Amino acid sequence: MKKIYLLFMFIGVVCFSFAPGIQAQSGSFEKQQPGDTKIKGLSISPNPANGNTLYITSDKNLTKTVTIFTVLSQKVMFKVLIGEELDISSLPPAIYIIRIKEKDKTSTVKFVKT
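Numbered as in the working numbering, the sequence shown ends at 1120 without a single skipped number.
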């Protein structure tokens, strides 16, 4: 009976060690993303923002989808940006994470509103 349990344990270990798609986590998020997904020439200014307007530019200047989160991952703003000016007057002073998607590229940047 003990030999059968050992046999099942051995088969289970062998099966799970060669299972596709199971990988250990790496320490860096960029290493897990396939290919280059960063937006080329992305610029967010001013940072820290002390006014009510944030300027978001990139090399291609395409339409951007902008999502702003608090540091606690609460979504506080979602806008489709056609130009380069984003009105942030509704945001209180804090540290924010901004995720910008332009076509098939995505970048995430931290910014501060004072």
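Every residue gets a Cβ at the ideal spot worked out from N, C-alpha and C, and that includes glycine.
Owing to the predicted nature of the structure, the values given are computational and were not obtained by experimental measurement.
Cβ atoms of V1115 and I1104 come within 8 Å of each other, at about 5 Å. For L1097, there is no enclosing beta strand (DSSP E), as DSSP marks it with neither H nor E. Of the candidates N1058, T1063, S1049 and P1054, N1058 places its Cα closest to the Cα of S1096.
DSSP lists I1074 and V1115 as the bridge partner or partners of I1104.
For I1062, the uninterrupted beta strand (DSSP E) run begins and ends at T1059 to T1063, by DSSP.
Exposed is the label assigned to K1109, since fewer than 16 other Cβ atoms lie within 10 Å of its Cβ. With a threshold of 16 other beta carbon atoms within 10 Å, K1119 meets it and is buried. Around the beta carbon of L1078, a 10 Å sphere encloses fewer than 16 other beta carbons of the protein chains shown; the residue is thus reported as exposed. In the structure shown, I1017 falls within a helical segment according to DSSP collapsed to helix, strand and coil. Across the structure, F1117 and M1083 are spaced so that their CA atoms are roughly 14 Å apart. The Cβ neighbour count for I1062, taken over all protein chains shown within 10 Å, is at least 16; the residue is labelled buried. Take the alpha-carbon of K1066 and the one of I1074: they are about 21 Å apart.
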